[in-house]
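Anchor point for the sequence shown: position 486 equals 790 in my numbering, and the numbering is continuous, going up by one each time.
Heads up, the thing below is written out as C-alpha cells.
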Amino acid sequence: MQLFRTKSVEQTVAETGEEHRKLKRTLNAWDLAVMGVAVAVGAGIFSVGAQAAAYHAGPAVILSFILAAVVCGAAVMCYAEFSSMIPVAGSAYTFTYTTIGEIVAWVIGWDLILEMLMAGSVISKYWGVYLNDFMQLMGLNFNTNVYVGSFRLDIAPIIIVTFFTILLVLGTKLSARVDGALTILKIGIVVFVIVVGFFYVKASNYSPFIPSSLPAGAVKGATVTGTMTEPLWQWVTGMAPSIYGVPGIISGAALVFFAFIGFDVVATTSEEAKDPHRTVPRGIILGLSIVTVLYILVAIVTTGMVSYKDLAKADEPSLATGFELVGATWAAKIISFGIVIGLTTVVMVLLLGLTRVVFAMSRDGLLPRGLSKTGRHGTPASIQIIGGVVVAVIASCFDIGILSDMVNIGTLSAFTLVAISVPIMRRKRPDVPRSFSVPGSPWIPILVAIACFWLMLNLSVLTWIRFVVWLIIGFVIYFGYSYGHSRLGNASLEDDARAGTLSK
C-alpha cells in the first residue's frame, strides 16, 4: 500500500484551476490580518491571562505570553513559507500532502476538522451564554434557551451560525468586510479597557515577579482532581503537579498559547488571496503581531491592578475580576459587550476554516468529490451549509465544554507536522520559488516542532484518550473509503493534467 504517496507542488497548484472546483481570489493582506485577529481575540483575551497569572505564573505570566508568542510566531512562519510556495486551500493538510505523504495528510486534515468543528461549536455555544449574560447586566429579561419538556434548546448558536453561513455562501469578500468591521470594534473595546485599567495599576502588585514554586494543591483553582485531569507528562513521569516558579511560567505558556491558535485558519484561505505569495505571509505575520501586543498589554494590566493571590481566590479569574476588586464594577458591562462582539467574529472565521479543509480533502477524493463543487459565488456552498448545520446542532443541543481541549490538541498536532515539513520540503524541492522563508532552517522548525509537542504533553490524559479515539475513527474512514478514492492513488490528477482539464 502506498500510504506515503505525495502530490507534487505542480499537481497541487494545478488543482486550483479545475472547473467548478476553484475559489475566487478576493482577499488582500489586510483582510487576512483582520481574519487572524478576529479568530484569536475572543473571550479569552479577557480571561486567559488572569487564569494563567492566578494558577500558573503570577505576574510572570507576561513572560508566559512572550514565550507563547515566540513559539506561535515561529510556527506561523512555517505556515507562511508553505503558503507563499503552495497558495492552495487546506492549510496544514495540503502542506503535509506535498511533503510527508497522504496518510499523514489525512491525519492532519482529520485533526483540523476536529479542531474547527469543536471550536466552532464551543464558541457558538459560549456566544449564546455571554449574550444572555450581557442582556442581564443591562437589566433586560432576555434568554435564548427554549425548553421542550425536559430538553433544553439554545437558539443563539443557530442564529449566529445561520447568519455567517449565509454570508460565507454569498462570498468570502463580503464576509471579510463584515468580520473586519466587527473586529475593529472589538479592538477598540480592548484598547479602551487597557487604557482605563492602567489608571488602577500599582507597582507593588508585580512583586514578586516570579513567585516561589508551590504544590498545585496549595491553590484551590489549580488543584488537579484525579488521573484523567493530570497533564500527560506528569502522569507518565509521576511528578507532583506544581505552580509558580519557572515551571509555572512554562505551564502558563502552555495555557496562553491557546490564545494564539487560529492563525492556521488564515492559511486555509490562501487560495482566495490576491497575489498569495506576498499577501499571505504579510497578513499572517501582521495579524500575529497585533494579537501579541494586545494580549501582553492585557496581562500587564490584569496583574498590575490586583495581586495574583487575589485573582487565585476568585471562582473564575478574569480581567473583569480585576476591575471588580478595585471597585470599577461598571467595566463588567463593557467587557461583557466586548466578549459578545469578540466571539461573533471567531465563529465566522472557524466556519470558513472548517469548510476550506473539507473542500481541499474532497477535491482530492479523500472525502466525496461532490462536496467540493463551487457555486456561482465561487464558494463551496454545499460544504458551507452542511458544516453550518452540524456546528449549530452540536452547539444548540449538547454540553460541549469538556471538548474544548480537543481544539488545542488538534491545532498543536498540525503545528508540529507543518514545522517538520519545512526542512523536508527544502530538501525535496529547493527549486520551488519561495517569497518568504523561515530563517534558521532546519533548526528553528525542528525547535518549533519540539515546543509544540511539549505543549501537547501538557494536555490532560483524558484529552489524549479522546484524541486517540478520534484518530481511530479517522483511520477507519481512510482505509474504508479515502485510500481507494484518492485521485492521487488512481492517477486522476495526472490524467486530468494531460487532458488539459486543469489549468496550469
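Ideal Cβ positions, reconstructed from N, Cα and C, are used throughout, including at glycine.
Small disclaimer: the values here were computed from a predicted structure and weren't measured.
Three-state secondary structure assigned by DSSP to residue i
{"i": "F455", "result": "strand"}
{"i": "S741", "result": "coil"}
{"i": "T805", "result": "Reliability of the predicted coordinates at T805 is poor, the pLDDT of 45 falling under 50, and the value obtained from them is presented with this limitation in mind. DSSP places T805 in coil when its eight states are reduced to three."}
{"i": "V450", "result": "strand"}
{"i": "P684", "result": "coil"}
{"i": "L671", "result": "coil"}
{"i": "S666", "result": "helix"}
{"i": "P391", "result": "coil"}
{"i": "A577", "result": "strand"}
{"i": "L331", "result": "strand"}
{"i": "S764", "result": "strand"}
{"i": "P363", "result": "helix"}
{"i": "P734", "result": "coil"}
{"i": "P621", "result": "coil"}
{"i": "V780", "result": "helix"}
{"i": "G788", "result": "helix"}
Supposed close pair residue i, residue j - CB separation, criterion 8 Å
{"i": "V345", "j": "V494", "result": "7 Å"}
{"i": "V597", "j": "V343", "result": "That belief does not hold up - the Cβ atoms of V597 and V343 are roughly 17 Å apart, past 8 Å."}
{"i": "R325", "j": "G793", "result": "Incorrect: roughly 18 Å between the Cβ atoms, too far for contact."}
{"i": "V765", "j": "L536", "result": "6 Å"}
{"i": "F369", "j": "V560", "result": "5 Å"}
{"i": "V605", "j": "V505", "result": "7 Å"}
{"i": "P391", "j": "K429", "result": "Not a contact, Cβ separation roughly 33 Å."}
{"i": "M285", "j": "L658", "result": "Absent from the structure is residue 285, since the part of the chain shown begins at 305 and ends at 808."}
{"i": "Y612", "j": "A357", "result": "5 Å"}
Within 8 Å, strictly: CB atoms of residue i and residue j
{"i": "I588", "j": "Y397", "result": "no"}
{"i": "V726", "j": "S745", "result": "yes"}
{"i": "N509", "j": "M652", "result": "no"}
{"i": "D458", "j": "T448", "result": "yes"}
{"i": "V722", "j": "F386", "result": "yes"}
{"i": "I781", "j": "A753", "result": "no"}
{"i": "T403", "j": "I748", "result": "no"}
{"i": "V662", "j": "I698", "result": "no"}
{"i": "A558", "j": "N762", "result": "yes"}
{"i": "L655", "j": "G626", "result": "no"}
{"i": "A636", "j": "L441", "result": "yes"}
Extent of the continuous alpha helix (DSSP H) to which residue i belongs
{"i": "P517", "result": "For the record, residue 517 in the displayed sequence is Ser; it is not Pro. Careful: S517 lies outside any alpha helix (DSSP H) and carries neither H nor E."}
{"i": "H581", "result": "580-609"}
{"i": "P749", "result": "747-761"}
{"i": "M439", "result": "406-441"}
{"i": "L792", "result": "That residue, L792, is in no alpha helix (DSSP H); it is neither H nor E in DSSP."}
{"i": "V630", "result": "Looking at the DSSP string, V630 is not in any alpha helix (DSSP H), and its letter there is neither H nor E."}
{"i": "V482", "result": "476-502"}
{"i": "S555", "result": "549-560"}
{"i": "G679", "result": "Looking at the DSSP string, G679 is not in any alpha helix (DSSP H), and its letter there is neither H nor E."}
{"i": "V313", "result": "313-319"}
{"i": "F399", "result": "396-401"}
{"i": "Q355", "result": "352-356"}
Heavy atom of the ligand GTP within 7 Å of residue i beta-carbon
{"i": "M389", "result": "Absent from the structure shown: the ligand GTP. Ligands present: none."}
Candidates the options: closest to residue i by CA position
{"i": "E620", "options": "V317, A333, A354", "result": "A354"}
{"i": "A582", "options": "D668, K328, L336, I470", "result": "First, the amino acid is wrong: residue 582 is Arg here, not Ala. Among D668, K328, L336, I470, the Cα nearest to that of R582 belongs to L336."}
{"i": "A624", "options": "I639, A618, Y612", "result": "I639"}
{"i": "V374", "options": "C756, V773, K506, F771", "result": "C756"}
{"i": "Y785", "options": "L307, P672, A685", "result": "P672"}
{"i": "W414", "options": "V473, T715, A364, W768", "result": "T715"}
{"i": "H681", "options": "F308, Q306, L327", "result": "L327"}
{"i": "G556", "options": "V773, W774, P363", "result": "P363"}
{"i": "L418", "options": "I498, T683, A358, V772", "result": "V772"}
{"i": "L775", "options": "F399, V630, P391, W410", "result": "W410"}
{"i": "I463", "options": "N332, E575, L435", "result": "L435"}
{"i": "F496", "options": "I553, F350, D668", "result": "F350"}
{"i": "V570", "options": "T476, I488, E406, L615", "result": "T476"}
{"i": "P551", "options": "M442, L759, D579", "result": "L759"}
{"i": "V742", "options": "C376, M381, T573, E314", "result": "M381"}
{"i": "S388", "options": "D668, N712, D579, S622", "result": "D579"}
{"i": "V711", "options": "E322, F446, L416", "result": "L416"}
{"i": "V452", "options": "S593, L601, C701", "result": "C701"}
{"i": "A718", "options": "T678, T572, V584, L601", "result": "T572"}
{"i": "A713", "options": "I407, R770, P515, I488", "result": "Checking the sequence shown, residue 713 turns out to be Ile, not Ala. Residue R770 is the option with its Cα nearest to I713."}
{"i": "A379", "options": "F564, P734, A485, R730", "result": "F564"}
Cutoff 8 Å: residue i Cβ touching any chain D Cβ
{"i": "T649", "result": "Going by chain labels, chain D is absent from the structure shown, which holds only one protein chain."}
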